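Mapping the sequence shown onto the working numbering, position 135 (from 1) lands on 136, and the numbers just tick up by one.
Ideal placement from N, C-alpha and C gives every residue a C-beta, glycine not left out.
Model, not experiment: these values are computed from the prediction.
These notes concern the structure reproduced below.
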Amino acid sequence: GGIGSTIAALQQAGVLAGGQARALLFRVAVHLTRRDGVLHAAELEFPAHGSMADVLSVLRHAHPVLHWVTVPEGLSSLQVADILDRAPVLSGALPTLTEGGILPQTYDYEWGTPRAALLARMRSAMNAALDTVWRDREVVAEIPDRRTLLILASMVERETAIPAERRMVARVFINRLRQGMRLQSDPTVVYGINRGAGPLGHALTRAELETPSAYNTYTLPGLPAGPICSPGLVSLQAVAHPAGGDALYFVADGNGGHIFADSLTDHNRNVAAYRAHRQGMPR
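Spelled out as structure tokens, the structure:
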């Protein structure tokens, strides 16, 4: 630390001209202007060809350079950890993440920020979002607590990439819980197999659907053991304010969306239409 290392860094970066004479001149300038404030140790941006006065002004008064990291919605704790491990200029080890514990969004940070400190901000953001969503929710008997809301929101997040469908998916899950039906959510089965390491690389097999796990909602009544990803705000709000209706089923429509049905008869018809669509697609 100290003025010597600051001068060396400035000269190495080309902000300050090299040589001992220039270094001595800078020391004198720092001393003469000491009442203007202390020099800050941070990653700073200097104007090209700036004067010594410009350099001193930046060192004393400029805001540190900000870096940004984006955590997309629907990632598992394993995937979030990978992003934070790779994020540039963070420091220190990353504490263990809890599944569903951080709010997906873009975060800014300064050079040298500890990973633990950034993770703490992400956790605080999720807690604040959950507090707000829970306070303003539509009261539903099937969602007795914030953890249930978080688990269902994580399932909704993984079931559809279309924000406009999420309230309807939430309604299906709530209706199925109300009727004592199994949730039969494929993403929970995938999570039970690989704990959120990414796509399986193949369609779920009958054997995989029938293998019990704490997350397999085909074999398990009620909810999986915990969240399967970190859901975004839209999915949290979808569970807090689900769509109306009696839908109990949904299936892919072949165009990225889903078709919803109130009865098994209608659902089977939709499944048959989807399979016919798939068979008609070019290989």
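request  = Measure the Cβ-Cβ separation of E158 and P232 and say whether it is below 8 Å.
outcome  = yes
message = Quick check: is the beta carbon of A198 nearer than 8 Å to any beta carbon in chain D?
response = Judged by its chain identifiers, the structure shown contains no chain D, having just a single protein chain.
request  = Give the single residue among A43, S186 and H203 whose Cα lies nearest to the Cα of V173.
outcome  = S186
ask   = R270 to S214, Cα distance in whole Å?
value = 30 Å
ask   = Among I103, E44 and G258, which one has its Cα closest to the Cα of I84?
value = I103
query = Does the Cβ-Cβ distance between R61 and L33 come in under 8 Å?
reply = no
key: Per DSSP, cross-strand counterpart(s) of A253   = H259
task = Using the Cα positions of G257 and P188, report the straight-line distance between them to the nearest angstrom.
result = 16 Å
task = Can you tell me the Cβ-Cβ gap for I116 and G101, rounded? I've got them flagged as a contact below 8 Å.
result = Before going further, note that residue 116 is Arg rather than Ile in the sequence given. Between G101 and R116 the Cβ distance is about 19 Å, and since that is not below 8 Å, they are no contact.
query = What does DSSP give as the partner residues of H68 in its beta bridges?
reply = Y110
message = Tell me the DSSP secondary structure of R270 in three-state form.
response = helix
task = Note down, in chain order, each residue of its chain lying with its Cβ closer than 7 Å to the Cβ of A82, except the 5 sequence neighbours on either side.
result = The residues are L95 and L98.
ask   = How about L131 and L237: are their beta carbons less than 8 Å apart?
value = yes
Euclidean distance between Cα positions of V190 and Q12 = 57 Å
query = Using the C-alpha atoms, what's the distance from M127 back to G38?
reply = 38 Å
message = Starting from M127, trace the alpha helix (DSSP H) in both directions and tell me its first and last residue.
response = R116 to R136
inquiry  = Give me the DSSP bridge partner(s) of S92.
reply    = P115
message = Taking 8 Å as the threshold (C-beta atoms), are R167 and A239 in contact?
response = yes
ask   = Helix, strand or coil: which one does DSSP assign to D146?
value = If DSSP states are grouped into helix, strand and coil, D146 belongs with coil.
message = Under 8 Å: do the region 149-164 and the region 240-251 share three or more Cβ pairs, one atom per stretch?
response = yes
request  = Please report how far the alpha carbon of L25 lies from the alpha carbon of Y108, in whole angstroms.
outcome  = Whole-angstrom Cα-Cα distance: 40 Å.
inquiry  = On the criterion of 16 or more Cβ atoms from any shown chain inside 10 Å, does I1 qualify as buried, or is it exposed?
reply    = Missing from the structure shown is residue 1; the chain here goes from 2 to 284 and no further.
ask   = Roughly how many angstroms separate the alpha carbons of G113 and P73, rounded to a whole number?
value = In a straight line, the C-alpha of G113 is about 23 Å away from that of P73.
query = Considering only C-alpha positions, which residue in the set G51, S78 and M169 is nearest to I260?
reply = M169
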